[in-house]
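Just so we're aligned, residue 5 is where the sequence shown starts under this note's numbering, counting upward by one.
We treat Cβ as the ideally placed atom computed from N, Cα and C, and that holds for glycine.
Just so it is clear, the structure is predicted and the values come from calculations on it, not from any experiment.
As structure tokens, the structure follows; a few thoughts come after it.
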Amino acid sequence: MSLSTVYLGLGSNIDRHQHLCAGLDALAAILSDMRCSPAFESQAVGIKSGPFINFVVTGKTDLPLMELDRRLKFIEADNGRYAPDRKGLPLDIDVLMYDDLHGTFDGLVLPRAEILKNAFVLWPLSLLAPALIHPGVEKSMARLWQEAQIDQVLAPVAFEWRGLQLTPA
């Protein structure tokens, strides 16, 4: 079976380190050759809450797109994403890109629009995969970040997972 390259955005604003590490642990079970961008702290966009930690993960999977998305929802649920009494966003995992797919797939729009709208997605993605071409605009992630005029403040934040420093302290 052939492997597809995926890029996923992860974020949390509740027990951030705990939930993001749990998400990475779960992703390590379904992705091979997994790599992570540096982590960034940012203010919430679109919701009133405390600051988020966000980063991007890439890896290879043999899961079809919709099965991958379904499994991501289970990982989110396991971390309290859909709990009725939650006070913020424990874990958010979004498919940003799946190979070079461009379009709408069972309601999932790829590449995800947030790549071009949110610094907390584009900057980590540009650091992780600077030469990756966005299939919708035919520009590299490094170029898109260089040209971006996004009014959001990000700060690199120390983050460690399984002894690996995603962002140096």
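DSSP state of I57, grouped into three classes? Here residue 57 corresponds to residue number 53 of the sequence shown, with the count starting at 1. Taken through DSSP and simplified to helix, strand or coil, I57 comes out as strand.
(message) According to DSSP, is E80 part of a helix, a strand, or is it coil?
(response) Residue mapping note: residue 80 aligns to position 76 of the sequence shown, counting from 1. Helix at E80.
Select from W149, D96, P134 the residue whose C-alpha is nearest the C-alpha of Q22. Sequence index remark: in the sequence shown, residue 22 carries index 18 (1-based). With distances taken between Cα atoms, Q22 lies closest to D96.
I want to know whether the segment 107-117 touches the segment 44-55 - three or more CB-CB distances under 8 angstroms. no
ask   = From which residue to which residue does the beta strand (DSSP E) around V177 run?
value = Any answer about residue 177 is impossible in this case: the structure gives the chain only from 5 up to 173.
Just how far apart, CA to CA, sit Q156 and I51? As a first step, residue 156 must be located in the sequence shown, where it is residue number 152. As a first step, residue 51 must be located in the sequence shown, where it is residue number 47. Each residue's Cα considered, the two are about 14 angstroms apart.
With the cut-off set at 8 angstroms, would you say I18 and P128 are in Cβ contact? As a position in the sequence shown, residue 18 is number 14, starting the count at 1. As a position in the sequence shown, residue 128 is number 124, starting the count at 1. Taking 8 angstroms as the cut-off, the beta carbon of I18 is found no closer than this to the beta carbon of P128.
Original post:
Do you know offhand how far A30's Cα is from K91's?
Top reply: Here residue 30 refers to the residue found at position 26 when the sequence shown is read from its first residue. Here residue 91 refers to the residue found at position 87 when the sequence shown is read from its first residue. Those two C-alpha atoms are separated by around 23 angstroms.
query: If you compare alpha carbons, which of D110, F59, E80 is closest to A162?
result: Mapped onto the sequence shown, residue 162 falls at position 158. The option with the nearest alpha carbon to A162 is F59.
Where D66 falls: helix, strand or coil (DSSP): Position 62 of the sequence shown, counted from the start, is the residue given in the question as residue 66. Residue state, collapsed to three classes: coil.
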